[in-house]
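A short write-up of the structure that comes next.
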Amino acid sequence: MRHDAPLAAAAATRTTCPYCGVGCGVLATPDGKGGATIAGDPDHPANRGRLCSKGSALGETVGLGTRVLHPLKRSARGAYDRVSWDEALDALAGGLKAIIERDGPEAVAFYLSGQLLTEDYYVANKLMKGFIGSPHVDTNSRLCMASTVAGHRRVLGSDTVPGNYEDLDSADLIVLVGSNTAWCHPILFRRIQQNRAERGAKVVVIDPRVTATAEDADLVLPLKPGSDSSLFAGLLVHLADAGLLDRSYVEQHVAGFEAALANAREIAPDVAAVASPTGLSEADIAAFYALWAGTPAVVTAWSQGVNQSAQGTDKVAAILHCHLATGRIGLPGAGPFSLTGQPNAMGGREVGGLANMLAAHMGYSPAEIDRVRRFWGAPRMAQAEGLKAVAMMDAVADGRLKALWVMATNPAVSLPRADAVQAALRGLDLFVVSENVLSNDTLAAGPHYILPAAAWGEKDGTVTNSERRISRQRGFLPLPGEVKPDWWIICEVAERLGFEGAFDYAGPHEIYAEHAALSAFENGGSRDFDISAHADLTRRAYDGLVPVQWPVPAGQPEGTARLFAEGGFFTADRKAKMQPLAVPALAAATSDVFPLLLNTGRVRDHWHTMTRTGLSPRLSAHVAEPTVLVHPDDAEWFALVDKGFARIETAHGAVVLKVALDPGAQKGSLFAPIHWSAENASDARIGATVQPLVDPFSGQPEMKATPAAIAPVSFRSRGFLLGAEDFALPEGSWWTRVAVESGQGRLFATQADAAEIMQLAHAVFGPEGLLEMVDAERGLYRCAVIRDGRLTAALFLGPDHDAPVWDAVKLAFAGGEVDSGQRLALLSGRSLDGATDQGPTVCACFGVGLNAIRAAFAEGATITVEDIGRKLKAGTNCGSCLPEIRRIGVQQRVEVPA
Ligand SMILES: Nc1nc2c(c(=O)[nH]1)N[C@H]1C(S)=C(S)[C@@H](COP(=O)(O)OP(=O)(O)OC[C@H]3O[C@@H](n4cnc5c(=O)[nH]c(N)nc54)[C@H](O)[C@@H]3O)O[C@H]1N2
Ligand SMILES: Nc1nc2c(c(=O)[nH]1)N[C@H]1C(S)=C(S)[C@@H](COP(=O)(O)OP(=O)(O)OC[C@H]3O[C@@H](n4cnc5c(=O)[nH]c(N)nc54)[C@H](O)[C@@H]3O)O[C@H]1N2
Ligand code: SF4
Ligand SMILES: [Mo]
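If you count by my numbering, then the sequence shown holds residues 159 to 1056, one letter each, in order.
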């Protein structure tokens, strides 16, 4: 889909991508069949027309097949019955009221999400903190941005990202800390790459493992997990010793400098003292310090390798200190830059979605509580900070919380100790979930009510991206079934709780205008978050809102590009406050029982718990199975083999994953993806293994370093299953679902033998159209079901060491009719049109596999990534795969010297 296609342009709706915090503008055009064609919005400043693989595939994920379309109530038997909205809302309000009367308002809580729109978030927060009177509103941002919020507030005085994306275009040095930008913020990574190509900017990547982001970087620093503060404390010492401080900036705008420097000298007196905790060579550390010190236009950007840490707030502070000490903040091409995760992580922070914030960047001081009370006309204000996510789930488990309403997040997968979380949810007196989908691991915990919420494409409101830019998400599809927007559901409950008048909004524009008015209320320049220019926005103006960066004070509708170049921090004396850091250490040490550290994170083409990207065949072909990455030396030590299986166990739970050897992995660390759940794999819910140890300031859990053990697991046979039938594999089998064209796929491994699987196939498929091949001696069984000349199902099984390749059969399954001559070929596992096995998909946009790219590189030593693009089209659309294509070329040259 190209954005200049005239037909599409005529009917396209301008909206914003619902995935990562880059916040790309999207042009969406309904295709009349329930889907949509998707293109990048050339006028959106975040992406200027580009989209990554996930954004490009949005059209494949808006179908209704997996959606919940009606309010549902759990019956005594545990089944769900359809009920009317009135019944569901009355029951929910009645249930909340009864619990509040019996146990007090603090017995109820909301658990929200950075995937809600600002308007949804605003009314949820207002209802709980101002009207019900409980402070227990927290969000999945606790797992995501909380350490940055705490670090910003401690050091800068407010939760403000000082810079913007243009700084990534104009910086001379970009330092990426704990961020796999190439996969998780792909459009920003492309901007960084463009800056390198056109202006020669340098890139440094700081991450224990060597990721796609590190390909081609000028300096890669694979530090030991958790040691970032040592590295940046050492940088501060270096800057001081080299006489590179901006003394006048520090004097005018920064407090606590001397104490922070003294503290840094204790942690990291010299380069040698940094080398030991970080495991980096003194030469690499010195090179990094020289580069950073010598490049005024430096952006230090970070995400979860910094935040998801029991010392995440200190890591953020350590980075901010270096920028403050050199005055490199809020200047073009220079500043600290937190990359936010979710599309509206930032919007949630603005409204006060976190338990330790009240609203509009105000906290819980008596003056602020009183100010918000007066603005809202609130009958019952929360009086102190509420429970943060991990503590909130503890309170659910021990019965302090009796009622919980979860919206737009899947805590039974994404929270630490996910098994315990799932069990705790089952014990609630009142458990309600607002969801898009009919089934996920949180819904499997059996909420009393499931409320069908509008999804992307249907919802209307605003989101704020990593650079403080507020953009509209606009609906372009009708609300299906009885689906309602989240804000509507919350307001209906509020009315039924007796709070009429405070929640009778005519639409999201009125909520947004109120939120803007609150940001202005008694602000007078004391608070960073000020969007008073929008306080009187009409519906029309709201609908036409162009992307704008806050602050947007009255009289300045074009917004604010950067802050703090001239100081002006949001503290009493307008100075930033440097903070002494704790001695860097992980929350839990490895032991003889758990000798490794389990690191967790993302893959390129999946989004979180896969409720959307899991529907897309092309996004499912990049990394098809839940796989743990292991360093080859560790693999040897623990007797693991590439493409085999391993059981990973921690003090909290266990999973079984495929194994991939990765020379870029750090020795002593494992890396596992977060995406697979009980919904789409037998044993891969990684959250079950993650420790709940949190940062003292932010409450964010250390999800990237849980002590773990690993051991090989072997199966007798392996195979795959294609077709509509969803049948149970023999007890103890391992399986994972994979979206394929026109159906369902499952890859599996089992202790069962060919005879047993054959019996199963007979029972499930029946005799009609069944074509089989059995070779008991070799442990082979293959069958295909052909009905009305089409391949409708297939099951292939082979011995573990010789697993059948499924790409060929997958193609046949997606293709058209199968004639008699092709049937034999099918069972032999060859594809019908003569195409050979593609291998894993590298380019999701054009479906180009690893094998084709390898073959193209093999044609000559001078073949470039651009040649690959010309020949195979790979990498020529969204560009998300360019780092991998480059890596394949490099590997090829190493393996086959020309
Ligand atoms: N494809 C894709 N993109 C996404 C998402 C997705 O689900 N899929 N989710 C979005 C969301 S919500 C978020 S929060 C972002 C997250 O974006 P990222 O933070 O880039 O992603 P992660 O893979 O969680 O972690 C980043 C890196 O931190 C490293 N790390 C681990 N421990 C340490 C450490 O001690 N120090 C340092 N320096 N690094 C460490 C890990 O090895 C990992 O490579 O991605 C957003 N974008
Ligand atoms: N081990 C480990 N755990 C992690 C992380 C990690 O790196 N390692 N990362 C953490 C981070 S950074 C994040 S952000 C979280 C993400 O974790 P989650 O928020 O739990 O993951 P999602 O799959 O995005 O869940 C969103 C749910 O809301 C539904 N939904 C989507 N849009 C809407 C909507 O508009 N309204 C409603 N009502 N429902 C909607 C979706 O169907 C889905 O079920 O995971 C965290 N957990
Ligand atoms: S980078 Fe990709 S996932 Fe992130 S907002 Fe842009 S298109 Fe969406
Ligand atoms: Mo996140």
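Built from N, CA and C at the ideal position, the CB exists for glycine as well.
Tell me which same chain residues have a C-beta within less than 8 Å of the C-beta of residue i, skipping the five on either side of it?
i	result
V408	F415, L482, A483, G485
D991	Legend: pLDDT at D991 = 45, less than 50; position of this residue unreliable, value from coordinates given subsequently. Around D991: L969, G973.
R685	S316, A518, H519, M520, S677, F728
L754	T748, D792, G826, S827, L828, P865, A866, A867, I868
N681	D688, S690
V591	W563, V564, M565, T600, L601, P605, Y607, I608, L609
Would you mind reading off the limits of the alpha helix (DSSP H) that contains residue i?
i	result
Y119	This structure cannot settle anything about residue 119, because the visible part of the chain is limited to 159 through 1056.
A459	Segment 456–460 is the beta strand (DSSP E) holding A459; no alpha helix (DSSP H) there.
S388	386–399
K212	211–214
G499	No alpha helix (DSSP H) contains G499, which DSSP labels as neither H nor E.
A547	547–555
C649	644–654
L381	Segment: none, L381 is in no alpha helix (DSSP H) and carries neither H nor E.
N1009	1008–1015
V335	It is not in any alpha helix (DSSP H) - V335 instead sits in the beta strand (DSSP E) that spans 331–335.
T339	339–342
Output needed for residue i: all residues of its chain with C-beta closer than 6 Å, excluding positions within five of it in sequence on either side, in chain order.
i	result
E860	S467, A468, A745, L851
A547	D296, R300
A340	F347, A370, T371, P1041
G1047	F1015
F268	A282, M286, V295, W563
T729	G315
L402	A451
Name the two residues that bound the continuous beta strand (DSSP E) containing residue i.
i	result
Q1059	No answer is possible for residue 1059: the residues shown for the chain start at 159 and end at 1056.
R876	875–881
M565	561–565
T171	171–174
T864	864–871
V571	V571 -> not in any beta strand (DSSP E); alpha helix (DSSP H) instead, spanning 569–572.
T769	No beta strand (DSSP E) holds T769; DSSP gives it neither H nor E.
F102	Because residue 102 is not part of the residues shown, which for the chain are 159 to 1056, the question remains open.
K360	360–364
For my contact list, residue i and residue j are in at a C-beta cut-off of 8 Å; report their separation, rounded to the angstrom.
i	j	result
P501	C175	7 Å
R632	T187	No, R632 and T187 are not in contact; Cβ-Cβ is about 12 Å, not under 8 Å.
R529	M520	7 Å
A919	G937	In fact, because the Cβ distance is near 15 Å, the residues do not count as touching under 8 Å.
K382	T436	6 Å
S875	P957	6 Å
E870	A797	Going by the sequence as given, residue 870 is Pro instead of Glu. Right, their Cβ atoms sit about 5 Å apart.
S337	L497	6 Å
L449	L377	7 Å
V395	A426	6 Å
A417	P854	Their Cβ separation, rounded to whole angstroms, is 19 Å, which puts A417 and P854 out of contact at 8 Å.
Could you name the residues that DSSP lists as bridge partners for residue i?
i	result
G198	V184
M931	R940
R895	R904
S629	V621
E975	R948
M520	A517
F803	K816, V871
N757	F829
P494	T458
D239	K231
C1001	V1006
T785	K816
I608	L230, V591
K735	A413
Can you list, in chain order, the residues of its chain with a C-beta nearer than 7 Å to that of residue i? Leave out the 5 residues immediately preceding and following it.
i	result
S677	A518, F687, D688, I689, S690
Verify the CB distance criterion: does residue i have a CB-CB separation below 8 Å to chain D?
i	result
A869	Protein chain content of the structure displayed is limited to a single chain, and chain D is not contained in it.
Residues around ligand 6, please: the condition is that the C-beta lies closer than 6 Å to some non-hydrogen atom of it. With respect to ligand 6, the structure offers nothing, as its ligand set consists of ligand 1, ligand 2, ligand 3 and ligand 4.
Pocket of ligand 3 (residues with CB nearer than 5 Å to any heavy atom), chain order: C175, Y177, C178, V180, C182, L209, C210, K212, G213, P344, I345
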